[in-house]
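Going by the working numbering, the first residue of the sequence shown is number 5, and it counts up by one from there. Backbone N, C-alpha and C fix where the C-beta goes; we use that ideal spot for every residue, glycine too.
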Amino acid sequence: MEQQQRHEFSQNGQSWDVCKQVPIIQDEQMPKKRVQCFKWFSCAIVGMLVFVLTLLSQTSFLLLITFGNNQTEIICSEQKPTALLGIGFVLVGPSVLLLLKSTWKFIFKSATIPSKTTFFWVLFVEFLVALGAAVLTIVAMPHFDIVTNVMILNSVSILSAVFQVVAECLAKERKQLIMLPACSIFLIVIGYVLFAVNYLVFEGSLEIKISVALAVMGTICVSVNWWENYSTLFKVSFLKDISIDIAQSRNVVCIISSLMRILVTSAVVGAYVPLSGQNWNSVRLVSETVVISLVAIQIVSSALCRWFVVVACKMHTLRRSFIMPMYLASITVMAVFLIPVVVRIPESNQTCFENLQPKSSDEWLYLLLTDAIRTLDARDIVAQMNIGGLACLGFSALSWWLGLILSTVYIWFLKIQRIERTQDLFVQRMYEGAFLEQSMLLNTRFEIRKIRKKKQGAKETIRVFLCATMWHETYDEMMKIIISMFRLDKYRPETDKHSDVKFEFHIYFDDAFKDVDNGRHANEYAEILVDVVKEVYTIFSEEDPCIFKQKAALPHQTIINTPYGGRLEYILPKGNLMMVHLKDKTLIRHKKRWSQIMYLYYILGWRLNRQYFKKLKGGEELNSLKEKLKKDRENTYILALDGDTDFQPSAVMLLIDRLKLYPEVGAACGRIHPTGTGPMVWYQKFEYAVGHWLQKTAEHVYGCVLCSPGCFSLFRGAALMDDNVMKTYTTKASEASQYVQYDQGEDRWLCTLLLQQGWRVEYNAASDAYTNAPQDFKEFYNQRRRWGPSTMANTIDLLSSGGLTSQKNSSISKMYILYQIISMAASILGPATVCLMISGSFVFIFEMGANTALVLAIVPPTVYLILCFKLKSDTQIKIAAIMSILYAFLMAGTLLSIIGDLVKQKTFLTPSGLFLIGMGALYLITAALHPQELSLVIYGLLYFLCIPSGYLLLVIYSIVNMNNVTWGTRETGGKAKTTAVDTIKKKVMNATCCKCPCLESDYLSEEIPPTEIITQTENPPTPLETQR
5 MEQQQRHEFS QNGQSWDVCK QVPIIQDEQM PKKRVQCFKW FSCAIVGMLV FVLTLLSQTS
65 FLLLITFGNN QTEIICSEQK PTALLGIGFV LVGPSVLLLL KSTWKFIFKS ATIPSKTTFF
125 WVLFVEFLVA LGAAVLTIVA MPHFDIVTNV MILNSVSILS AVFQVVAECL AKERKQLIML
185 PACSIFLIVI GYVLFAVNYL VFEGSLEIKI SVALAVMGTI CVSVNWWENY STLFKVSFLK
245 DISIDIAQSR NVVCIISSLM RILVTSAVVG AYVPLSGQNW NSVRLVSETV VISLVAIQIV
305 SSALCRWFVV VACKMHTLRR SFIMPMYLAS ITVMAVFLIP VVVRIPESNQ TCFENLQPKS
365 SDEWLYLLLT DAIRTLDARD IVAQMNIGGL ACLGFSALSW WLGLILSTVY IWFLKIQRIE
425 RTQDLFVQRM YEGAFLEQSM LLNTRFEIRK IRKKKQGAKE TIRVFLCATM WHETYDEMMK
485 IIISMFRLDK YRPETDKHSD VKFEFHIYFD DAFKDVDNGR HANEYAEILV DVVKEVYTIF
545 SEEDPCIFKQ KAALPHQTII NTPYGGRLEY ILPKGNLMMV HLKDKTLIRH KKRWSQIMYL
605 YYILGWRLNR QYFKKLKGGE ELNSLKEKLK KDRENTYILA LDGDTDFQPS AVMLLIDRLK
665 LYPEVGAACG RIHPTGTGPM VWYQKFEYAV GHWLQKTAEH VYGCVLCSPG CFSLFRGAAL
725 MDDNVMKTYT TKASEASQYV QYDQGEDRWL CTLLLQQGWR VEYNAASDAY TNAPQDFKEF
785 YNQRRRWGPS TMANTIDLLS SGGLTSQKNS SISKMYILYQ IISMAASILG PATVCLMISG
845 SFVFIFEMGA NTALVLAIVP PTVYLILCFK LKSDTQIKIA AIMSILYAFL MAGTLLSIIG
905 DLVKQKTFLT PSGLFLIGMG ALYLITAALH PQELSLVIYG LLYFLCIPSG YLLLVIYSIV
965 NMNNVTWGTR ETGGKAKTTA VDTIKKKVMN ATCCKCPCLE SDYLSEEIPP TEIITQTENP
1025 PTPLETQR
C-alpha cells in the first residue's frame, strides 16, 4: 500500500503546490456536550414536573375524598355536601375542557356527524363510565381509609388487561406477551378479594358492604373507558366500524361524551346528597377557600401534567419522564399520607375547621395530613393492631399497584416516531380527573406496536425527486444548492440496500443558451454550474484528504441533446443520479412555473405512469396494476427547491416523515431562513421569523398552510396527480388576473389547487432551510411587488370557493374561511391603519389637531401614488427609499416620545403604553419559545421603523405596477457578477491544475484525470403544455 502511494506521488511530482481552495461545507454537526447536557437536564425537568404535578393532582383529590368521610373533622358533618360538590367539579373538569376543545375543533376543523349506531354506543359507554366514576368517588370511597383510596384507583386497569389477553390470543403472539396482562388480571382480582375480606370480615356494617360492592362495580365500569384502544384488534366488524366512525367524527363524539359525563355526574351528586340524609342548604365556602383551593389545584395540576406528558413523548423520553413518574406517584402519595403515622402529631381539641385558624403553611399541611390519617386510625384493624386485617390491607394495595404496572408495561417498549401526533399516541383527547396517572397510562395506544411491526415487514421504499429551478444564480448561490445535494447523496447512498428512501436530483436551468456565430451554445451561467458541479464532486469524492493521494477523477458526464435544449447526467460519488436540464427559451417556455410543469410531467407522467401502461400492454392484470400504481403515487415525493437553497439531510427527512405518517398531507414546508447581509436582510429576518412563528403556525393549527414556498417544500405525487391539480397548473395565463395569480405566485397557486382538492398542507418548524434574500431596496421592492398581488389573488380564489373547499377539505372549516376573510380585510386596511398611526404620531410629537395631523399623514402617500403613475419604476423605488428613511425617523421619534411620556406620567397604563408593551411582550415571549432564534428579536426595532415603508409605500408601488409581470429579481447585474466570478474561477482552476501563479510557462502543468463525456441525442415526446 505504501509503495503504491509512493508511486502515485512520484507521478504527480508537484510537491510545492498541494494547497487547495475549497468552498466552505457546513455538515450537520453533532450536538455539543453542553447541548447534550441541556437535553438531559430538560428531560429531567420534564420528568420532575410530571411527577410533582401528579402528586399534587392525586393528593388534592384524595383530600377532597377524606373530607367526605364521617371520621374527618376538618369539615363538620353537616357541611359534607361541600366536599362532595368539590369531588363533582373534579370529575367534570376534564369534560368541560374537552367540550371547549372539541367545540373549537368542530368550528375550525372537521364537523362530521357520527352514525346513529355510533351515537347510541358512545352514549351507552360514556353513561357507564361516568356513572361508575361518580359512584366510586362520591358514594363509595368516602367510606374507606386513605390507604385503600390511594390504591383502589389502580384497579381500573382490570378490563384493559383482559382486552390485552384477548387481543394477544387472537393475534397469536408469543406467550411471553400474554403472561404479563394475565398476571395483571390475577393480581387485580386478588386485590379485590383481599379488599372485600378486609372490610366485610373485619368491619361488617351494612353501609360498608354496600360501599364495597359499589366500589368494585364502579372500578369495572370505569375500566370500560379504554375499550377503543383494543377494538380494532378483536376482529369484530361491529366494533371496527364504530371505531372508524368515531375516528372520522371525533369532534362531535367528544362533544357528546363530555355532555353526557357532565349530566351523569351532576345527577349522581344531586341525588346522593338528599338520599344520604344530608342537606344542600349547608353548602358554603368552608373557611373561605379550602375546598375551592383543592379543586383548583387538582384541575390545574392535572391539565398541566397531561401537557407535560405529551411534551415528554414528543421529546422521546417516554420511560424517564412519563412512565417512571406515573408508576412512582401512588407509592409516594401513600408515603406522604402515612407520615403522621410515623411522626405522631398532637391532635387538636377543636372539632370543626371553621373554628381553626392555622397560622402557617406547615400547620395547614399537618392539619390536612392528620385529618386524612383519621380515616385509617378509626378502623378496628388499626386500633386493635389486627395483623390479618393489616396484611389484607397492605397486600390488596400492593396487588392493585403491580396489576397497573403489568397491564401498562407495553408502553415501556413503545417506539415513537418523529413528529408523532398526539392523537396517534393517545386514544382519547383528555384525561380522567379522578384517575390521572391511570388514565394517562391506559390511554396510550396499545396497537401502535403491532402496526409498526407490519410496516417494518413491508419495507416500502420512498422515492424522492429533488427538483431545483435555476436561472441567473451566482457562483455562491449555485454552490449552496449543489453542496446540499451532494450532502444528501452522502447521507443516503444508492448502494445502501436497506435504505427506505431513494433520492434522485434534477436541476432545471432556464435560459441556459445564448446565440453565437455557429448556433446556440450554453451561456456563462450554465458553464459556471458545470464548474461548480466538478468542484464539489472532487471534494466529496475525496474520502482520504492525504496530499500523497492521487487527485480524484472528475465526474462521469453524459451530454444528451433534447428537444428542449440539452441534459447533463452525473453519477454522484455515492451512486445517486443527478440530471441538469438545460432549457433553451427558443424551444420551450421559460420561467419558474413552466420549469415546474416540465419536471412534474417528466417525473410523474413520463417516468411513473408510462411504465404501468407498458406493463398493461404486456398483459399484466389490471386490478393489480391499479393497486401498484396507487401505492407508487403515494410513495413518490417531489422536493421543490430554488437555485440558492441550502439545507441539511435531516430537514428533508423531517418532511418525508410527515408525509409518510399522514396520508392526507399533500405537501409540507419547513422553516425558511433568509441569508445575506445589510439592513434589508435584517428586516426580512425578523419578518420571516414573525411570519413563521405566528402566521404559519396559526394556519397549521386552525386549518391549513396556504402557501408552501417553492424554495423548500415536499409534495406527494398522488396529490399532484389528483384531478384539477397538475393539469390545471398547466393553464396558460390569458387574462390580467391570471398573470398575477398563475405566474407571479406559482407556489401559492399550486397550494390553492391542493387545498381545493381536499389535500392538507402542513408546516414543520424543525425543518430548516436557508435561501438568499434581496440585499438592496430595489430588489426587495420588486420581489414583494410580485408576492403581494399574487397572495391576494390566490386568497380571493380560495375564499370564493370557500363553501366547496370546506366540504372537500376536512382541515378547512367555514370558520377558518372567516378567519382568512378577516385577515384579508386587515391587509386591505393596512395602508389606512398606517396613515392613522402616522397621524397619531404627529399629534403625539407636535401636539397638533387631529384633523390637521390626518391631512398631513395622507398627503405624502397620495403624492407618491400620483408620482407612481407618471414615473418609471426605478424612479418610484428611489422616491420610496427616501420616504422610507423619513418615515423611519418619524417612527423613531414616536417611539422615544411614547417612552418619555410613560416616564413622565410614571405609569404604563396609557393606550400607547399598553400597545407598545403588549406588542413587545408578544414578540419577546414568542421568541423565548424559539430559543435558537432569540437573537432575531434585535431586528424587531428595524422592523418597527420600517412599518410605513412595508405596509404603505410598498402597497402603493405593488398596486400601481401590477401590470409588470417580470420576475423582479436577478433581472440586471447578474451578468457582471457572473463574469467577475468566472474570472476568479479560472484562476482557481488554473491553480488547481498546479500551474504556478507567478510563471507564464506551461511545462510545470500537471495532468489530471479528464472528464469522461458521452454525447447522445434524445427525442422523447414533450407534453403539449410545455411546448412553446
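Same chain, Cβ closer than 6 Å to residue i, neighbours up to 5 away in sequence not counted
| i | result |
| --- | --- |
| residue 72 | 84, 87, 88, 146 |
| residue 406 | 191 |
Anticipated Cβ contact below 8 Å, residue i with residue j, distance rounded
| i | j | result |
| --- | --- | --- |
| residue 96 | residue 266 | 5 Å |
| residue 473 | residue 514 | 7 Å |
| residue 751 | residue 711 | 6 Å |
| residue 156 | residue 404 | 7 Å |
| residue 719 | residue 641 | 7 Å |
| residue 962 | residue 789 | 5 Å |
| residue 765 | residue 757 | Their Cβ separation, rounded to whole angstroms, is 11 Å, which puts residue 765 and residue 757 out of contact at 8 Å. |
| residue 123 | residue 260 | 7 Å |
| residue 112 | residue 725 | Actually they are not in contact, since the Cβ atoms of residue 112 and residue 725 sit about 29 Å apart, beyond 8 Å. |
Residue(s) in a DSSP beta bridge with residue i
| i | result |
| --- | --- |
| residue 508 | 469 |
| residue 678 | 775 |
| residue 518 | 525 |
| residue 650 | 774 |
| residue 573 | 562, 583 |
| residue 717 | 644, 673 |
| residue 474 | 513 |
| residue 764 | 669 |
| residue 430 | 448 |
Cβ neighbour criterion (16 or more within 10 Å) applied to residue i
| i | result |
| --- | --- |
| residue 211 | exposed |
| residue 489 | buried |
| residue 447 | buried |
| residue 183 | exposed |
| residue 525 | exposed |
| residue 2 | The first residue shown for the chain is 5 and the last is 1032, placing residue 2 beyond what the model contains. |
| residue 830 | exposed |
| residue 878 | exposed |
| residue 958 | buried |
| residue 600 | buried |
| residue 727 | exposed |
| residue 614 | exposed |
| residue 910 | exposed |
| residue 768 | buried |
| residue 281 | exposed |
| residue 43 | exposed |
Among the options, the one whose alpha carbon lies nearest that of residue i
| i | options | result |
| --- | --- | --- |
| residue 168 | 69, 410, 298 | 410 |
| residue 57 | 628, 311, 191, 777 | 311 |
| residue 297 | 340, 417, 61 | 61 |
| residue 213 | 148, 418, 464, 400 | 148 |
| residue 478 | 443, 532, 526, 441 | 532 |
| residue 638 | 650, 660, 625 | 660 |
| residue 465 | 309, 582, 868, 632 | 632 |
| residue 685 | 725, 544, 785, 314 | 785 |
| residue 339 | 527, 150, 249 | 150 |
| residue 735 | 593, 706, 170 | 593 |
| residue 883 | 165, 782, 415 | 782 |
| residue 588 | 475, 658, 697 | 475 |
| residue 762 | 812, 399, 936, 793 | 812 |
Contacting residues, own chain, Cβ-Cβ under 7 Å from residue i (five flanking each side not counted)
| i | result |
| --- | --- |
| residue 846 | 852, 857, 860, 861 |
| residue 65 | 94, 302, 438 |
| residue 776 | 481, 648, 679, 680 |
| residue 901 | 848, 849 |
Heavy atom of the ligand NAP within 6 Å of residue i beta-carbon
| i | result |
| --- | --- |
| residue 181 | Of the ligands one can find in the structure shown there are none, so the ligand NAP has no counterpart to examine. |
Beta-carbon contacts of residue i that lie in its chain and below 8 Å, excluding the five residues immediately before and after
| i | result |
| --- | --- |
| residue 497 | 503, 578, 579, 580 |
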